[in-house]
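Notes follow the structure.
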Amino acid sequence: MTTPPISTVCFDLDGTLLTYDHDPDEVLATAFDDAGVEQFCDPTQLWAAADDVDDADDDIDFLTKTFRVAGERQDGEIDSPDVLARAYDDATDHTDVSFRPGAQTALDRAREHGRVGLITNGGRATQRQKLDALDIHDAFETHIYAGETTPPKPATEPFERAITALDADPERTLYVGNSLRHDVAGARAAGLQAAWFPVMGDRDDRGDGDGHEPHHVFESLHDLDDVL
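Be aware that the sequence shown starts at 1, since it is given in full-length UniProt numbering, and climbs by one per residue.
Here you go:
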């Protein structure tokens, strides 16, 4: 696949540049206990349900809809998914994060090469905690908090807004993300080049991209240097 040379790089945040350090099973169990609800899913089942949530007003609304979908799939009894959503958010320390391998180097390399942006699904208040914990907020020239300031990815608006803010050419902009459905599909629909950096266990799952193939598949974020 022949692509124009890259002049601008935008990144996803969760699962791409960083990962939570906490035990996801422990956080989810705490949320169910605090909400007084019998646990009906594990973390993998919960986040699989998130793929069926196409729109949300904020982080709590997203979690509410995610728990509702998970409950329906797992035959869980949940009368108030919003209570469970708030319990989960309360149980989550958004500063307990660390870089994915190669993330710091990739950010530095992208900044040396050209302009850099962040396009992340999630509210500003939540995502800013993670950025500040790793001291990378100022590494980006623009921050698009999709789901709060725009519809969430894979809508094209978050990507289009970043392109406008960076005064970039979409065909020469690379978007790096870990989700085929939200990152790759959204970036390609907006006319950007897309690099897929899957989390462990997702590398062989090419069916979630709805026919949108990434231009690049990264084994590590160190691979960014090979395409710049």
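Positions of the beta carbon are idealized from the N, C-alpha and C atoms, including for glycine.
Note that the structure is a prediction, hence the values are computed from the model and not measured.
Per DSSP, the bridge partner or partners of ASP14: LEU18
Expected contact under 8 Å - CB spacing of ASP12 and THR120 to nearest Å: 6 Å
Alpha-carbon to alpha-carbon, TYR145 and PRO170: 19 Å
Minimum length 3: unbroken beta strand (DSSP E) runs contained in the region 39 to 112: 97 to 99
Check whether VAL9 and LEU131 have beta carbons under 9 Å apart: no
Sequence-distant residues of the same chain with beta carbon closer than 6 Å to ALA106, five excluded per side: LEU221, LEU224
Between the CA atoms of ASP89 and GLU72 - distance to the nearest angstrom: The C-alpha of ASP89 is placed about 21 Å away from the C-alpha of GLU72.
Candidates LEU228, ASN178, SER7, of which the one nearest GLU213 by Cα: ASN178
Classification of VAL199 by the beta-carbon crowding that lies within 10 angstroms, buried from 16 upward: exposed
Length of the line joining the Cα atoms of ALA110 and ALA103: 10 Å
CB contact flag (LEU166, HIS143, <9 Å): no
Limits of the unbroken alpha helix (DSSP H) element including THR3: Here THR3 belongs to no alpha helix (DSSP H), and DSSP marks it neither H nor E.
Residue of ARG124, ALA70, GLU38, PRO152 minimising C-alpha distance to ALA56: PRO152
Neighbourhood of GLY209 by C-beta, 7 Å cutoff - its chain only, sequence neighbours within 5 removed: In this prediction, GLY209 has a pLDDT of 46, which is less than 50 and means its spatial position is unreliable; what the coordinates show is noted afterwards. Only LEU180, ARG181, VAL184, ALA185 meet the Cβ criterion.
Reduced DSSP secondary structure (H/G/I, E/B, other) of LEU174: strand
Rounded distance between the beta-carbons of VAL83 and VAL69, thought under 8 Å: Incorrect: roughly 16 Å between the Cβ atoms, too far for contact.
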